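K.L.:
Okay, here's the structure, questions in a sec.
Numbering (our numbering), first residue to last: -14 to 145.
The following block contains the structure:
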């Protein structure tokens, strides 16, 4: 889902939005190509989720910081569907809780199931929390992917 930063108008993601960009790794001179799939979490598109989740190296969940119980349960369900069912580690996931306007006492509370997943309370005014958390998730995803490739190559070599 997206909010127009100039007008504050909300635009839900229709289907899936794919964003491709280069990203410099934290503490490294390496640049990697990232393909970010925004599926918006609309239950109307649930039949497409398995195809989107297959082969994913990371998961980023974005929600309002003042999560009502029903939305917190939905975020937990998305985590189970996209991360747990596909073997993503907690370090390959992140939760961004976006503060819109004034934050109340409940702002920034993560659903119980996700307490070990890196979480950042974010706002349009403070992008540093987003950058730091995203860089950590990206580094973990790349390390896990490299390890899986190494194991696959070793299996191929041991068969020969």
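No residue lacks a Cβ here, since even glycine has one placed at the ideal position from N, Cα and C. Only a predicted model underlies this, so the values are computations on that prediction, with no experimental measurement involved.
#1: To test your reading of the DSSP string, which unbroken beta strand (DSSP E) runs of 3 or more residues are found completely within the region 26 to 71?
#2: Once DSSP output is grouped into helix, strand and coil, what is the label at residue 13?
#3: Anyone know if the C-beta pair for residue 80 and residue 104 falls short of 8 Å?
#4: Is the region 61 to 74 touching the region 27 to 45, taking contact as three or more C-beta pairs under 8 Å?
#5: Consult DSSP for residue 100 and reduce its assignment to one of helix, strand or coil.
#6: What separation, rounded to the nearest whole angstrom, lies between the Cα atoms of residue 23 and residue 144?
#7: How many Å lie between residue 38 and residue 16 at the Cα?
#8: Quick one, which of 83, 25, 138, 1 has its alpha-carbon nearest residue 114's?
#9: Is residue 99 buried or exposed, if buried means 16 or more other CB atoms sit within 10 Å of its CB?
#10: Tell me the rounded alpha-carbon separation between residue 60 and residue 0.
#11: Cβ-heavy atom distance between residue 129 and the ligand GDP below 7 Å?
#12: Strictly by DSSP, which residues pair up with residue 20?
#13: Given a cut-off of 8 Å, decide if residue 76 and residue 32 are closer than it, judged by their beta-carbon atoms.
#14: So, for residue 20: in the same chain, excluding its five sequence neighbours on each side, which residues have a beta-carbon less than 7 Å away from its beta-carbon?
P.N.:
Walking through what the data contain:
#1: Counting whole runs of 3 or more residues, the region 26 to 71 contains the beta strand (DSSP E) stretches 44 to 49.
#2: Looking up residue 13 in the chain shown gives position 28. The answer is coil: DSSP assigns residue 13 none of H, G, I, E or B.
#3: Counted from its first residue, the chain shown places residue 80 at position 95. Counted from its first residue, the chain shown places residue 104 at position 119. In this structure, residue 104 lies closer than 8 Å to residue 80 by Cβ.
#4: Because the criterion of three Cβ pairs below 8 Å is met, the region 61 to 74 and the region 27 to 45 touch.
#5: Here residue 100 refers to the residue found at position 115 when the chain shown is read from its first residue. Assigned with DSSP and collapsed to three states, residue 100 falls in coil, not helix or strand.
#6: Position 38 of the chain shown, counted from the first residue, corresponds to residue 23. Position 159 of the chain shown, counted from the first residue, corresponds to residue 144. Each residue's Cα considered, the two are about 39 Å apart.
#7: Residue numbering aside, residue 38 sits at position 53 when the chain shown is read from its first letter. Residue numbering aside, residue 16 sits at position 31 when the chain shown is read from its first letter. Looking at the two C-alpha atoms, the distance is approximately 24 Å.
#8: Looking up residue 114 in the chain shown gives position 129. With distances taken between Cα atoms, residue 114 lies closest to 83.
#9: Reading the chain shown from its first residue, position 114 is the one you call residue 99. Residue 99 comes out buried.
#10: Mapped onto the chain shown, residue 60 falls at position 75. Mapped onto the chain shown, residue 0 falls at position 15. Within the model, the alpha-carbon separation for residue 60 versus residue 0 is close to 18 Å.
#11: The ligand content of the structure shown is nil, which means the ligand GDP is not present either.
#12: Position 35 of the chain shown, counting from 1, holds the residue named residue 20. Per DSSP, 5.
#13: What you label residue 32 is simply residue 47 of the chain shown in a count that begins at 1. What you label residue 76 is simply residue 91 of the chain shown in a count that begins at 1. Not closer than 8 Å, so no.
#14: For the purposes of this step, residue 20 is taken as residue 35 along the chain shown, with counting starting at 1. Excluding positions up to five away in sequence, the list reads 3, 5.
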